[in-house]
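K.L.:
What follows is a single structure, and I will ask about it in a moment.
Number of protein chains: 2
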Amino acid sequence: MSTAQGARARARQEVAGAIKEAARRQLAAEGAAKLSLRAVARELGMVSSALYRYFPSRDDLLTALIIDAYDSLGAAAEQAADAAAGAPHPARWTAVCEAVRAWALAHPHEYALIYGSPVPGYAAPPTTVRAAGRVGFVLIGILREAHQGPGLTAPPLPAELRPEARRMAADLAPELPPETAAALVAAWAQLFGLVSFELFGQFKEVVEDRDAFFRHAVTRLAHGVGLR
Amino acid sequence: MSTAQGARARARQEVAGAIKEAARRQLAAEGAAKLSLRAVARELGMVSSALYRYFPSRDDLLTALIIDAYDSLGAAAEQAADAAAGAPHPARWTAVCEAVRAWALAHPHEYALIYGSPVPGYAAPPTTVRAAGRVGFVLIGILREAHQGPGLTAPPLPAELRPEARRMAADLAPELPPETAAALVAAWAQLFGLVSFELFGQFKEVVEDRDAFFRHAVTRLAHGVGLR
DNA sequence: GTCTATAACGAGATAGAC
DNA sequence: GTCTATCTCGTTATAGAC
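Written out as structure tokens, the structure reads:
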């Protein structure tokens, strides 16, 4: 009986995977706003009502795609951090940033899904907010390691921002000084600013050698958070 | 005769304006991907084919909305720069950045249209690329002014990026040193990274005092490009 | 010449009866 | 799960009002 249940569960997962795969193709072709359960069903030769056994609504399918995307990106970031385990901290930082960019270039539509404009009519449930933190957590890990040695200097922090910085540090990385926590959140947003501008076409006619440009920009971000 | 033509032209512009206004409402409600000429016409009590006198296609209407958005944002940035005309250069820089953020918070859907995910099936014509440069131009102006006095120090630049930086400077701001040009482009992307993260919900459960956080982040961006 | 309205096309989505 | 009748869409051709 446990094998039967296992087989059932496996089959269920396989179908759910196929549904998500087809939905991702739709995402690329039509965008998240036009993601339609019917079209996904059609592509799979199923009937739309059958999909509801796997995803109770279009929004639930969207949520699953979003979480998958965050997880895939997070895994890429973690892998890059691990691969550069022995390297100096700034090099680990840039390795993670480059992995983020590489993932985005390889999965542009999933990137747009999670870091682009919100999908009209869709409200992201708190579970996605949690999944979104994974890349940030990898960066925190590098800073934490640097903080244990002499590899981290605290960036400046105006008095005005000190309470907020303390709150951030307490919430996200209690081991890090508030100055570092605040600088990290800013660098995190700025990293994705660079990736988004490249991916969404803002660098057209502006930046040509994007590899070199990105590498240098994230190296400076590393300096900005205090990595030496 | 010239008054008759003037009246005609005025009427024409008025209708075109009403169409764009209705389209912007649609943008807010349904998103750019679902912008529909028929719905716009319906809202105006017109018939869909009548819109074609004003916009040859749905994509042309989208293009007009995009250019309007860039222009509106650009005007807000210019106004902020002018209002801070006498102030020290870092203060002018932050004033422009704050104006960008304020405009984005006031016009979230138009912001998403120009800095969010690309609209599926829509290819931005080169005219939009030109309109997109206006905010960057305002920032260049501040740096140019600082460069004439002692207010600008050149950021570091690795040899790897020097040719690209020289090309950027030649294209965008021939008066500025290549180091500054490259740093400016990075800061420009990072500025919009901060705004996008706030607007697109990434700061949820992360940043609370967003005014103070943003102010400090863009102040550090100013330092990054060499403003003192 | 300038505009609006009617009607239609082909493609696609949708709701509901069966 | 299937079929069908009824929607929507962008777009064009055409005819007529001002």
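Heads up: the sequence lines are chains A and B, in that order. Each residue of the first sequence is one higher than the one before, starting from -3 at the first, in this note's numbering. Each residue of the second sequence is one higher than the one before, starting from -3 at the first, in this note's numbering. All residues carry an ideal CB built from backbone N, CA and C; glycine is no exception. Please read all numbers here as calculations on a predicted model, not as lab measurements.
Which same chain residues end up closer than 8 Å to residue 140/B when comparing Cβ atoms and leaving out the 5 residues on each side of it in sequence?
P.N.:
169, 171 and 172
K.L.:
Does any residue of chain B have a CB that is nearer than 8 Å to the CB of residue 190/A?
P.N.:
yes
K.L.:
Let me know the secondary structure DSSP gives residue 223/B once reduced to three states.
P.N.:
Note: residue 223/B maps to strand in three-state DSSP.
K.L.:
Can you tell me whether residue 151/A is buried or exposed? The criterion is at least 16 other CB atoms within 10 Å of its CB, across all chains shown.
P.N.:
buried
K.L.:
Any Cβ of chain A within less than 8 Å of the Cβ of residue 57/B?
P.N.:
no
K.L.:
Tell me which same chain residues have a C-beta within less than 6 Å of the C-beta of residue 105/A, skipping the five on either side of it?
P.N.:
Close CB contacts of residue 105/A within its chain, under the 6 Å cut and outside five residues either way in sequence, are with 23 and 24 (chain order).
K.L.:
Can you have a look at residue 186/B and say buried or exposed, based on whether 16 or more other CB atoms are within 10 angstroms of its CB?
P.N.:
buried
K.L.:
Would a check of beta-carbon distances place residue 180/A closer than 8 Å to chain B?
P.N.:
Under the 8 Å criterion on CB atoms, residue 180/A is classed as non-interfacial with respect to chain B.
K.L.:
Measure the alpha-carbon distance for residue 42/B versus residue 59/B and round it to whole angstroms.
P.N.:
21 Å
K.L.:
Between residue 92/B and chain A, is the shortest Cβ-Cβ distance under 8 Å, so that the two count as touching?
P.N.:
Chain A contact via Cβ: absent.
K.L.:
Measure the C-alpha to C-alpha separation of residue 94/A and residue 179/B and round it to an integer number of angstroms.
P.N.:
18 Å
K.L.:
Quick one: complete alpha helix (DSSP H) runs, 4+ long, within the segment 32 to 69 of chain A?
P.N.:
Runs of the alpha helix (DSSP H) spanning 4 or more residues and lying entirely within the segment 32 to 69 of chain A occur at 33 to 40 and 44 to 47, in chain order.
K.L.:
Helix, strand or coil for residue 153/B? Go by DSSP, reduced to three states.
P.N.:
In the three-state DSSP reduction, residue 153/B falls in the coil class, being neither helix nor strand.
K.L.:
Would you verify that the beta carbon of residue 16/B is, or is not, closer than 8 Å to some beta carbon of chain A?
P.N.:
no
K.L.:
Tell me whether residue 257/A sits in a helix, a strand or coil according to DSSP, three-state version.
P.N.:
Nothing can be reported for residue 257/A, as the shown portion of chain A is limited to -3 through 224.
K.L.:
Any C-beta of chain B within less than 9 Å: which residues of the segment 145 to 179 of chain A qualify?
P.N.:
151, 152, 153, 154, 156, 157, 159, 160, 161, 163, 164, 167, 168, 178 and 179
K.L.:
Going along the segment 78 to 103 of chain B in order, which residues come within less than 9 Å of chain A, judged by CB to CB distance?
P.N.:
none
K.L.:
How about residue 72/A and residue 91/A: are their beta carbons less than 8 Å apart?
P.N.:
Going by C-beta atoms, residue 72/A is not nearer than 8 Å to residue 91/A.
K.L.:
Is residue 177/A a contact residue of the ligand ADP, with contact defined as CB to any heavy atom under 7 Å?
P.N.:
The ligand ADP is not part of this structure, which contains no ligands at all.
K.L.:
Report yes if the CB atom of residue 115/A is closer than 8 Å to the CB atom of residue 29/A, and no otherwise.
P.N.:
yes
K.L.:
Give the interface partners of residue 106/A over in chain B, defined as CB-CB distance under 7 Å, in chain order.
P.N.:
The contacting residues do not exist; residue 106/A stays about 11 Å from chain B at best.
K.L.:
So that I know if they touch, is there some Cβ in chain B lying closer than 8 Å to that of residue -3/A?
P.N.:
Low confidence applies to residue -3/A: its pLDDT is 49, below 50, so where it sits in the model is not reliable, and the reading given next is rough at best. Not an interface residue.
K.L.:
Assign residue 122/B to one of two classes, buried (16 or more other C-beta atoms within 10 Å of its C-beta) or exposed (fewer than that).
P.N.:
exposed
K.L.:
Name the DSSP beta bridge partners of residue 148/A, please?
P.N.:
223/A
K.L.:
Is it the case that the Cβ atoms of residue 96/B and residue 131/B are separated by a distance below 8 Å?
P.N.:
yes
K.L.:
Less than 8 Å between CB atoms is the rule here; does residue 218/A satisfy it with respect to chain B?
P.N.:
No, residue 218/A does not count as interfacial toward chain B.
K.L.:
What does residue 5/B reach in chain A if we use C-beta pairs closer than 9 Å?
P.N.:
Going along chain A, no residue has its Cβ under 9 Å from residue 5/B, so there is no contact; the nearest lies around 32 Å.
K.L.:
For residue 111/A, which residues from the same chain have a beta carbon less than 7 Å from its beta carbon, with the 5 sequence-adjacent residues on both sides left out?
P.N.:
188 and 192, listed in sequence order.
K.L.:
On the premise that residue 195/A lies in contact with residue 107/A, defined as a C-beta separation below 8 Å, what is that separation, rounded to the nearest angstrom?
P.N.:
6 Å
K.L.:
Where does residue 198/B sit, in a helix, a strand or coil, going by DSSP?
P.N.:
coil
K.L.:
Along chain A, which residues have their Cβ under 9 Å away from the Cβ of residue 196/B?
P.N.:
111, 112, 113 and 114
K.L.:
Report all residues from its chain with a CB closer than 7 Å to the CB of residue 19/A; omit the five preceding and five following residues, and keep chain order.
P.N.:
Counting only Cβ-Cβ distances below 7 Å, and skipping sequence neighbours, we find 31, 36, 57 and 61.
K.L.:
According to the Cβ coordinates, are residue 219/A and residue 154/B closer than 8 Å?
P.N.:
no
K.L.:
With DSSP as the reference, label residue 204/A as helix, strand or coil.
P.N.:
Coil, per DSSP.
K.L.:
Report yes if the C-beta distance between residue 103/B and residue 147/B is below 8 Å; otherwise report no.
P.N.:
In this structure, residue 103/B sits away from residue 147/B, with a CB-CB distance that is not shorter than 8 Å.
K.L.:
Can you tell me whether DSSP reads residue 80/A as helix, strand or coil?
P.N.:
coil
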